[in-house]
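See below for the structure under consideration.
Protein chains: 2
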Amino acid sequence: MSLVTITQAAQVSGVSAKMIRYYESIGLIAAPARGENRYRHYDETALHELAFIRRARDLGFGFEDIRQLLGLWRDRQRSSAEVKAIALRHVAALEQKAAALTAMSQTLKHLAERCHGDERPDCPILEALDQPGPPAHAW
Amino acid sequence: MSLVTITQAAQVSGVSAKMIRYYESIGLIAAPARGENRYRHYDETALHELAFIRRARDLGFGFEDIRQLLGLWRDRQRSSAEVKAIALRHVAALEQKAAALTAMSQTLKHLAERCHGDERPDCPILEALDQPGPPAHAW
DNA sequence: GCTTGACCTTCCCATGATGGGAACCCCACA
DNA sequence: TGTGGGGTTCCCATCATGGGAAGGTCAAGC
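These protein sequence lines map, in sequence, to chains A and B.
The working numbering puts the first sequence at residues 1 to 139.
The working numbering puts the second sequence at residues 1 to 139.
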């Protein structure tokens, strides 16, 4: 069981040292053992958890979800139903955000297409911002 | 020229009073005239600008973009090319963010489909978080 | 005139996730 | 023994927004 410093833990887990300390401060991970010099050192399990968190973050999970996923991950007796529920809830949230962004970009794209983009001041984009025009999906 | 208080300005513009003060503090809008009681009062032009900002925010523009758009909007001699450039840059940013979210939700959706979601502990979702699996687009 | 309630003011704090940097301590190596 | 590269804590910044406290002000009803 090799013990590593925070910078080494950061390198192997892909989580910055800054974030590792932060995760500890909000109780997402347990406080690791300290040396006599008060340096943190991390064991295999801790490194594993950090990598887990890293991948969950890459999938856009927030800390509350990650907290629950970590709990389920540690529990060998867990039911996969809970994991699936968290994942599907998150999928719905991601899809909603993506749809909102897409709607914005579509609206703006259509406006930009109708904008000459030359020396003339006329511009449907500014006109749309100017007047309380119809909702976005009307374009 | 009717002058209104901040709460009335909030109601007609759709921007909260809190945000109106904030926009003023960061110099996004000019400081309005004050009454003897130091109450802010807003004229037609100010209300118009607030509504403009509101709609720009609805399209996802950040404050720096809005600052520039407001400048172009006030300038009757502006060229539409600058407006279009800002808009298209923003469209690209929105599309990129939307694509990132969609990629996450796709990955997670596929994993969830392969998860029984019953009493059994086996779960591809946790397995994916557990091991440094292939990148998301491999699913 | 006085109370009451609704409004205004400024100031501080919080979010979520992350980075930057200061000030200070510690260790290994030449 | 100096130097460089760790480690530690603490504060501040982001982006846009909301909550709330403490205190001043106004208008309406009695």
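Glycine included, every Cβ here is placed at the ideal spot set by N, Cα and C.
Check	Outcome
Check whether the region 55 to 68 of chain A touches the region 31 to 44 of chain A, taking contact to mean three or more Cβ pairs, one atom from each stretch, closer than 8 Å.	no
Would you please verify whether the beta carbon of T45(A) is less than 7 Å from any beta carbon of chain B?	no
For the region 111 to 124 of chain B against the region 70 to 86 of chain A, are there 3 or more C-beta pairs whose distance is under 8 Å?	yes
Could you check whether the Cβ of E95(A) sits closer than 7 Å to any Cβ belonging to chain B?	yes
Say whether the region 45 to 53 of chain A touches the region 3 to 15 of chain A, bearing in mind that this needs 3 or more beta-carbon pairs closer than 8 Å, one atom from each stretch.	yes
For chain A, check one thing: does any of its Cβ atoms lie closer than 7 Å to the Cβ of H137(B)?	Interpretation of H137(B) is limited by its pLDDT of 48, a score under 50 that renders its predicted location unreliable; no figure is taken from the coordinates.
Taking the C-alpha atoms as reference points, what is the distance between A56(A) and A99(A)?	22 Å
Quick check on the burial criterion: 16 or more other C-beta atoms within 10 angstroms. Buried or exposed for I53(A)?	buried
What's the gap between the Cα of W139(A) and the Cα of L3(B)?	Note on W139(A): pLDDT 44, under 50, position unreliable in the model; the coordinate value appears next. In a straight line, the C-alpha of W139(A) is about 35 Å away from that of L3(B).
Going by Cα to Cα distance, which pick from Y22(B), L126(B), T5(B), T7(B) is closest to D75(A)?	L126(B)
In the DSSP output, what is A33(B) paired with across the bridge?	H41(B)
According to DSSP, simplified to helix, strand and coil, what is V12(B)?	helix
Strictly by DSSP, which residues pair up with V4(A)?	Y42(A)
Return helix, strand or coil for L129(A), following the three-state DSSP convention.	helix
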